[in-house]
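Student: Heads up, the sequence shown is in the working numbering, so the first residue is 4 and it goes up one at a time.
Ideal placement from N, C-alpha and C gives every residue a C-beta, glycine not left out.
What follows is a single structure, and I will ask about it in a moment.
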Amino acid sequence: MTSGTTASLICPACGQAFLSMQQSMEGMVQCPHCAHNALRGYFGTQAQVAGVAQVRRRVSQPQPVQSPPAPVQQPPQYESHAFAQAGGGLQPRQMPMTPITAARPALQPSQALLPTGAPPPPPDEFVRPQHLRTSPWRNAFILLGFAGVCGGALWLWWDSVNAPAVKQGEAVTVPPERTAVQKSPMVAKTETARAVIPAPDVGAMAADAKTLVTELFAADTAQGRAACIHEADKYGAEIEAQFGATGAQKTELRLLSRIPGMPQTLPGRQPVPLFKLVTSTCATGALIRLETGTDGRRRISWPLLFETHSQALAAFMKQPAEAAAWFHVGLRPSHGLDIAAELRGKYLTFDVQVSAGAEPHFVACVERDTPLGRYLDRETEWGKSYLARLLVRRLDIQSAAPCLLVIDCEGSPER
């Protein structure tokens, strides 16, 4: 109910009605119940509440009246000093009135203050729970798996279509050359020979070498000296020329010792112990090797002793380059640093040992693109030494040491 000087208003904070003398919509009004301060336009009027109450009453007449819910107390939206800034410090006069209980339960502050024709507030956005959310990669994985299944099925179909037809009851045979690798007779023979070669008894051979060398230098006759040499009947003249002298010309023994390590023979790779023999005419030391005769006794191998004691290879290097000769030498694979860098790709190089010491030093060169070069490259290993008989000639190339060109190797199956 409104008069010319007062108006009945509804507080948007507590929902209770009160009378106000403020007529201007821009003036400040304070609720006497909850002390809520706001502009006059934010308070509902008695006419609005009555209209809503009549509609609510007509709808709810058949139903029993329920007890109204307790009003919701909301904090004031403005501070108390706002009224002092707008209208001064005077408090509005409170007048007793009978509250309208019929419309209060049916209205809410937010509904009563909505402007006419305004849309309702939008509902909260629905958020799907975490366990119900799907991964963005799910469809990609499904498509990838489907493509893999289709590819496998296509491959099986293609394999079955292009498989060779086999008649029922016909067995599939595999060619013999695919089931086993045939080894050449030379490889099989070499492996068999290596398997049956017994390891030498170094202790027994060292004892025999000491006995034989002592008897050789102590013998006064050619027969006594020949008894210490293997196949002495072939080298009788050389034996007497080397050790048959008497008196002041007689060769005397200075030292006999075993050389560390054990070189292998080429071909065959049989380990052979070597001994160092120092005499009055050979200070660098000659090489001694023992061989077993037909009677089962070990004796000194004369060619190796004679060539290394008389330094036959060093004397051969003074002859013309066209001359060739056979020599027993020790070999060790090398990097070829003694020859020019542009020649290292052409030759396979070895350090040559013709004495028990480091001197004299020679370099053996073998052409790589030859059967002999491929044989020596295959049969020799880095870091190992070998004992072989080679056909060599002098090689005049730019080098830091005298070089020999290897033409042939005794026992080599390749030429």
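By the 10 Å Cβ neighbour count, where 16 or more other Cβ atoms means buried, how is Trp-305 classified, buried or exposed?
Tutor: As a working mapping, residue 305 is identified with position 302 in the sequence shown. So Trp-305 ends up on the buried side.
Student: Compare the beta carbon distance of Leu-394 and Ala-327 with 8 Å and say whether it is the shorter of the two.
Tutor: Translated into the one-based positions of the sequence shown, residue 394 becomes position 391. Translated into the one-based positions of the sequence shown, residue 327 becomes position 324. A contact, by the Cβ cut-off of 8 Å.
Student: I'd like to know whether the C-beta atoms of Ala-20 and Ser-11 end up nearer to each other than 8 Å.
Tutor: Here residue 20 is taken as the residue at index 17 of the sequence shown, counted from 1. Here residue 11 is taken as the residue at index 8 of the sequence shown, counted from 1. Cβ atoms of Ala-20 and Ser-11: closer than 8 Å.
Student: Considering only residues of the region 186-265, which uninterrupted alpha helix (DSSP H) runs meet the minimum length of 4 residues and lie entirely inside it, listed in chain order?
Tutor: 188-199, 205-221, 225-229 and 239-246
Student: Quick one: grab the DSSP three-state call for Ala-16.
Tutor: As a first step, residue 16 must be located in the sequence shown, where it is residue number 13. In the three-state reduction of the DSSP assignment, Ala-16 falls in the coil class, being assigned neither a helical nor a strand state.
Student: So for Ile-410, helix, strand or coil by DSSP?
Tutor: Sequence index remark: in the sequence shown, residue 410 carries index 407 (1-based). For Ile-410, the secondary structure class from DSSP, reduced to helix, strand or coil, is strand.
Student: Give me the residue from Ser-260, Ala-202 and Glu-382 with the minimum Cα distance to Val-281.
Tutor: By 1-based counting over the sequence shown, the position of residue 281 is 278. Minimum Cα distance to Val-281 is reached at Ser-260.
Student: Opposite Ala-391 in the DSSP bridges: which residues?
Tutor: Within the sequence shown, numbered from 1, the residue matching residue 391 stands at position 388. According to DSSP, which records beta bridges pairwise, Ala-391 is partnered with Val-332.
Student: In terms of residues, what are the limits of the beta strand (DSSP E) holding Ser-304?
Tutor: Counting from one through the sequence shown, the residue named residue 304 turns up at place 301. Here the beta strand (DSSP E) through Ser-304 covers 301-304.
Student: If you draw a straight line from the C-alpha of Ala-221 to the C-alpha of Ala-361, how long is it?
Tutor: Counting from 1 along the sequence shown, the entry for residue 221 is found at position 218. Counting from 1 along the sequence shown, the entry for residue 361 is found at position 358. Taking the straight line joining both Cα atoms gives about 29 Å.
Student: Expressed to the nearest angstrom, what Euclidean distance is found between the alpha-carbon atoms of Arg-267 and Thr-311?
Tutor: Taking the sequence shown and counting its residues from 1, one reaches residue 267 at position 264. Taking the sequence shown and counting its residues from 1, one reaches residue 311 at position 308. According to the sequence provided, residue 267 is Gln. The question's Arg does not apply to it. Approximately 18 Å, taken between the alpha carbons.
Student: Excluding sequence positions up to five away, which residues of its chain have a Cβ less than 8 Å from the Cβ of Gln-64?
Tutor: In the sequence shown, counting from the first residue as 1, residue 64 sits at position 61. Residue placement at Gln-64 is poorly supported in this model, since its pLDDT is 48, which falls under 50; the coordinates are not used for a value here.
Student: Assign Gly-348 to one of two classes, buried (16 or more other C-beta atoms within 10 Å of its C-beta) or exposed (fewer than that).
Tutor: Walking along the sequence shown from the start, residue 348 turns up at place 345. Exposed, by the Cβ-count rule.
Student: According to DSSP, which residues form a beta bridge with Pro-374?
Tutor: Counted from its first residue, the sequence shown places residue 374 at position 371. Pro-374 is not bridged to any residue.
Student: For Asp-399 and Val-357, I'd like the C-alpha separation in whole angstroms.
Tutor: Working through the sequence shown from its first residue, we reach residue 399 at position 396. Working through the sequence shown from its first residue, we reach residue 357 at position 354. Counting only the Cα atoms, Val-357 lies some 20 Å from Asp-399.
Student: Classify Asn-165: buried if its beta carbon has 16 or more other beta carbons within 10 angstroms, exposed otherwise.
Tutor: Residue numbering aside, residue 165 sits at position 162 when the sequence shown is read from its first letter. The residue in question, Asn-165, is exposed, as its Cβ has fewer than 16 Cβ neighbours within 10 Å.
Student: Can you grab the Cα-Cα spacing for the pair Leu-146 / Trp-140, in whole Å?
Tutor: The count along the sequence shown starts at 1 and reaches residue 146 at position 143. The count along the sequence shown starts at 1 and reaches residue 140 at position 137. Distance between the alpha carbons of Leu-146 and Trp-140 is about 10 Å.
Student: Going along the chain, which residues of its own chain have a beta-carbon closer than 7 Å to the beta-carbon of Glu-382, five neighbours each way excluded?
Tutor: Reading the sequence shown from its first residue, position 379 is the one you call residue 382. Apart from the 5 residues on each side of it in sequence, Glu-382 sits with its Cβ closer than 7 Å to the Cβ of Leu-269 and Pro-270 in its chain, given in chain order.
Student: By how many angstroms is the C-alpha of Ala-251 removed from the C-alpha of Thr-284?
Tutor: As a position in the sequence shown, residue 284 is number 281, starting the count at 1. As a position in the sequence shown, residue 251 is number 248, starting the count at 1. Rounded to the nearest angstrom, the two C-alpha atoms are 12 Å apart.
Student: Assign Glu-310 to one of three DSSP states: helix, strand, or coil.
Tutor: By 1-based counting over the sequence shown, the position of residue 310 is 307. Helix, per DSSP.
Student: When DSSP builds the beta bridges, which residues end up paired with Pro-274?
Tutor: To locate residue 274, count along the sequence shown from 1; it is residue 271. Answer is Gln-267, bridged to Pro-274.
Student: Compute the Euclidean distance between the alpha carbons of Gly-47 and Ser-138, then round it to the nearest angstrom.
Tutor: As a first step, residue 47 is located in the sequence shown; it is residue number 44 there, counting from the start. As a first step, residue 138 is located in the sequence shown; it is residue number 135 there, counting from the start. One C-alpha to the other measures close to 51 Å.
Student: Spatial neighbours of Val-216 within its chain, please: CB distance less than 6 Å, with the 5 preceding and 5 following residues excluded, ordered by chain position.
Tutor: Translated into the one-based positions of the sequence shown, residue 216 becomes position 213. Taken in chain order, the residues that qualify are Leu-259.
Student: Apart from the five residues just before and just after Leu-307, which ones in its own chain have a Cβ nearer than 6 Å to its Cβ?
Tutor: As a position in the sequence shown, residue 307 is number 304, starting the count at 1. Spatial neighbours of Leu-307 in its own chain (CB-CB distance under 6 Å, excluding positions within 5 residues in sequence) are listed in chain order as Leu-290, Arg-292 and His-331.
Student: In angstroms with no decimal places, state the Cα-to-Cα distance between Asp-380 and Asp-354.
Tutor: In the sequence shown, the residue the question calls residue 380 occupies position 377. In the sequence shown, the residue the question calls residue 354 occupies position 351. Taking the straight line from one Cα to the other gives about 14 Å.
Student: Can you tell which of Ser-402, Cys-412, Gln-401 and Met-31 has its C-alpha closest to the C-alpha of Ala-391?
Tutor: By one-based count along the sequence shown, residue 391 stands at place 388. If we check each option's Cα against that of Ala-391, Cys-412 comes out closest.
Student: Just the C-alpha distance for Ala-244 and Gln-226, rounded to the nearest angstrom, thanks.
Tutor: One-based indexing of the sequence shown puts residue 244 at position 241. One-based indexing of the sequence shown puts residue 226 at position 223. Those two C-alpha atoms are separated by around 14 Å.
Student: Taking just the CA atoms, how far does Glu-370 sit from Glu-345?
Tutor: Within the sequence shown, the letter at position 342 stands for residue 345. Within the sequence shown, the letter at position 367 stands for residue 370. About 14 Å.
Student: Mind checking which residues open and close the alpha helix (DSSP H) that includes Val-355?
Tutor: Mapped onto the sequence shown, residue 355 falls at position 352. Segment 350-356 is the beta strand (DSSP E) holding Val-355; no alpha helix (DSSP H) there.
Student: Helix, strand or coil: how does DSSP classify Ile-400 here?
Tutor: Along the sequence shown, read from residue 1 onward, the residue named residue 400 stands at position 397. Coil.
Student: Let me make sure I understand the geometry here. Which of Pro-336, Ala-41 and Cys-17 has the alpha-carbon closest to that of Gly-386?
Tutor: As a working note, residue 386 is residue 383 in the sequence shown. Nearest C-alpha to Gly-386: Pro-336.
Student: If you count every other CB in all the chains shown that lies within 10 Å of the CB of Ala-150, and 16 or more means buried, which is it?
Tutor: Numbered from its first residue, the sequence shown carries residue 150 at position 147. Classification of Ala-150: exposed, given that the 10 Å Cβ count is below 16.
Student: Give me the Cα-Cα distance between Gln-401 and Glu-384, rounded to the nearest whole angstrom.
Tutor: Sequence index remark: in the sequence shown, residue 401 carries index 398 (1-based). Sequence index remark: in the sequence shown, residue 384 carries index 381 (1-based). If you take the alpha carbons of Gln-401 and Glu-384, they lie about 26 Å apart.
Student: Considering only residues of the same chain and omitting the five flanking positions on each side of Ala-343, which have a CB-CB separation below 6 Å?
Tutor: If you number the sequence shown from 1, residue 343 lands on position 340. Cβ within range, chain order: Gln-401.
Student: Below 8 Å between beta carbons: does that hold for Cys-231 and Glu-241?
Tutor: Along the sequence shown, one-based indexing puts residue 231 at 228. Along the sequence shown, one-based indexing puts residue 241 at 238. Between Cys-231 and Glu-241, the CB-CB gap reaches or exceeds 8 Å.
Student: Pick helix, strand or coil for Leu-316, following the three-state DSSP scheme.
Tutor: Here the question's residue 316 lines up with position 313 in the sequence shown. Leu-316 falls in the helix class under three-state DSSP.
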